[in-house]
DNA sequence: TGCCCCACCTTTTTT
DNA sequence: AGGTGGGGCA
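Numbering (the working numbering), first residue to last: 41 to 846.
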């Protein structure tokens, strides 16, 4: 996080004569890639298809700029989508140019903005110790305000309010601007304006930014203070943006601000919040910085949160004279996989045609499988992983993708039973766990005492007998005295609360003060690198937080203690990597780093993740599960403009992650909301040319019950009886193509409105005869509770179960 | 104030 | 189905 603060040098940077110092950087690049590396001009758009080596091109381009002495490291700003991508890029540039990589800014939009805002916060009413609200924090705040303003009476749910605020900010429309254009004759709209305004005031009061503000306020800063903007325009001469198709309007505007020409005359020497800026006495007017963007509109999957695909499609208009380079040769996947991807994505009508190709050959066919249930589907995946593993493929080379996080459950259950090591990427995040948020709130209370939310969060954790009534008393006292909530804790005796409460409050105040002394030593002293970890331990121990967990009889609290230990370990690790890192640096990193970023220890385990998380990754083998209507494409996308296309791109992203083997799997029934429902094969399956898929079990097979047995049933057999002599991969290939020529079968097994009542006798293809105990549910979701003579009690979905009435 | 039970809502994706 | 939050009661 620290910056080498290289003095800014502008002007002639001479080129070495003779052979280019970057010759070796061009080795092994195809002509298009080479052009993308060597082109020099104000604007360059690299349209990079999946797997076309864009990271290579980007890193080599940066290295080339450095090697040729066309730029100092400090003049380079490279923006990536995730911290992980940033780390990888830095590493690869370092491999190419060694120490010269230091001083470059390679980071996400959010991290870059935090660095700028910390330096400039005082320019506009914040202090540099501001904290960052993640979506959970924002949600909590919105929720409180919705309640306070009784906005729910107008049909405004916290989730809706939060999303509207976020969308608005992504369009650079702040609370004031929104209020100006709002339709104030609509009472619900008026209410929203009120809440939006209150939300923003609360953030300001807490000296905090939410995710969207990090970008939006930086843009505001640049526009309101051109002199500040000029500092960064002079500094960053080469700006590179990865995943440009996923930028939203605010991010677009930020880049636009940074790539304006510097028109103002250089002002007097100017120090920007710690960054020493040396400006030559006669700073010349400067050309705009050169801008390189890389993107693929076919991989735009974040429109739902404001990403604007037009940023890439209209790049040439925004930057006249821009050069466009197309990378279509794919170095990742087999031709079969690419053909499937090309075929599916070509169904999106509003795109420029682009066809990925490779010279590595056709490769294996795509394998299709249809399970009876999601457990059955998961069992197939587990069995295949087992077979591939025995064939020599490492677990780390295999990944399972799904559309929604909830789908991971069934997979996990089966994987645990099959003893397959796996790791869930993303998912329920470590940093969203209650105990971690508590611990971070303690740290925040120390780092940014203005953050009332943080103090409120921890004031009664562990239980100190400080309830709502007392909290409000403190809040009122703070307001009356004109001090912060945090400072009010120091005057417990003046609050007019009972002696027991006074003691509790004073103790908490003392703990916070002690930790503060450890982590934020008074001026002059420098906190040792371990200060954060030590301070955190002080907070957790002396507040009684750990003791309370230890004393608890809730078995989950054991795990919570371990999580806290892990957080302390993270703090130590942070200290190792950032010897000068402060408490604020730590909190910043934690707020901006997602779990998806720590993919390092995924070796040796199968990776499970959502399709969104999968973007930018690649695996030898990919299982794309739940390829069903209403799931992929997701039901909710149907109603949104551009939704179905975006889902198709999501499918495309998933398919193109696979290097050699691709599995497309689905289930005929899926339990959702605790209810079983019938699933239909996804339309995307129809869009894959039939000859590319080898169906081990097609939807047609399942519906006609071709004598195969449910794997879920296999799985329930005792271990010894498992048919190890019949591993799935060695089974005769299905000839089901004619039964399911890649068309959604017209004859799904359908019992129609079969009437069943308790007492009826039925016959099931697998379970034999039984008697109906009860029927629950309605319509197509009616479920029969059946006691089978041999197989015991089962619940069956009447509409599709292979049963007949006797 | 704290605990327990019930109702409800979830499940789209994330920096 | 499972988790969370709110409300009511001790």
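In this text, a Cβ means the ideal position worked out from N, Cα and C, and glycines have one as well.
These numbers were taken from a predicted model, which means no experiment stands behind them.
Residue pairing by DSSP places residue 715 opposite 712 in a beta bridge.
Under the three-state reduction of DSSP output, residue 404 falls in the coil class, being neither helix nor strand. Scanning 417, 354, 505 for the CA closest to the CA of residue 392 turns up 354. Of the residues assessed, residue 568 falls on the exposed side of the cut-off, its CB having fewer than 16 other CB atoms within 10 angstroms. Annotation: residue 837 to residue 824 spans about 6 Å, alpha carbon to alpha carbon. Only residues of its own chain outside the window of five on either side were considered, and among them 163 have a CB closer than 7 Å to the CB of residue 265, listed in chain order. By a beta-carbon distance limit of 8 Å, residue 585 contacts residue 502. Their separation comes to about 5 Å.
Following the DSSP letters along the chain, one finds residue 726 in no beta strand (DSSP E) but inside the alpha helix (DSSP H) bounded by residues 723 to 727.
Between the alpha carbons of residue 199 and residue 179 lies a distance of about 7 Å. Looking from the CA of residue 422, the closest CA among 177, 719, 459 belongs to 459. Look at the beta carbons and you see the segment 677 to 695 not touching the segment 476 to 484: under three pairs across the two are nearer than 8 Å.
Around the C-beta of residue 444, fewer than 16 other C-beta atoms lie within 10 Å, and the residue is accordingly described as exposed. In the three-state reduction of the DSSP assignment, residue 276 falls in the coil class. Checking the DSSP bridge columns, you'll see residue 441 partnered with 649, 664. In this structure, the beta-carbon distance from residue 127 to residue 244 does not fall below 9 Å.
Beta bridge pairing from DSSP links residue 735 with 408. Residues of the same chain with a CB within less than 6 Å of the CB of residue 230, apart from the 5 flanking positions on each side, are 224 in chain order.
Looking from the CA of residue 102, the closest CA among 116, 697, 403 belongs to 116. With contacts defined as CB atoms closer than 9 Å, residue 712 and residue 446 qualify as a contacting pair. Taking a cut-off of 8 Å for Cβ pairs, the segment 251 to 260 and the segment 202 to 211 touch, as three or more such pairs fall below it. About 15 Å separates the Cβ atoms of residue 732 and residue 721, ruling out a contact at the 8 Å cut-off. Secondary structure note for residue 828: its beta strand (DSSP E) is the uninterrupted segment 823 to 828. For residue 142, the secondary structure class from DSSP, reduced to helix, strand or coil, is coil.
Across the structure, residue 832 and residue 741 are spaced so that their CA atoms are roughly 26 Å apart. The beta carbon of residue 74 lies closer than 7 Å to those of 66 in the same chain, with the five residues before and after it left out. The shortest C-alpha to C-alpha distance from residue 551 to any of 598, 482, 590 is the one to 482.
Residue 158 sits in a helix when the DSSP states are folded into three classes.
Residue nearest to residue 161 within the set 813, 242, 260 is 260 (criterion: CA-CA distance).
A Cβ-Cβ separation of about 14 Å leaves residue 222 out of contact with residue 240 under the 8 Å criterion. For a cut-off of 8 Å, the C-beta gap from residue 462 to residue 646 is around 4 Å, short enough to register as a contact.
One alpha carbon belongs to residue 173, the other to residue 829, and they sit about 59 Å apart. No residue range can be given for residue 674, since it is assigned to no alpha helix (DSSP H) and is classified by DSSP as neither H nor E. In this model, residue 433 and residue 602 are separated by some 33 Å (Cα to Cα).
Only buried fits residue 735, as 16 or more other CB atoms lie within 10 angstroms of its CB. Residue pairing for residue 289: DSSP places it in no beta bridge.
In the DSSP assignment, residue 815 is bridged to 824.
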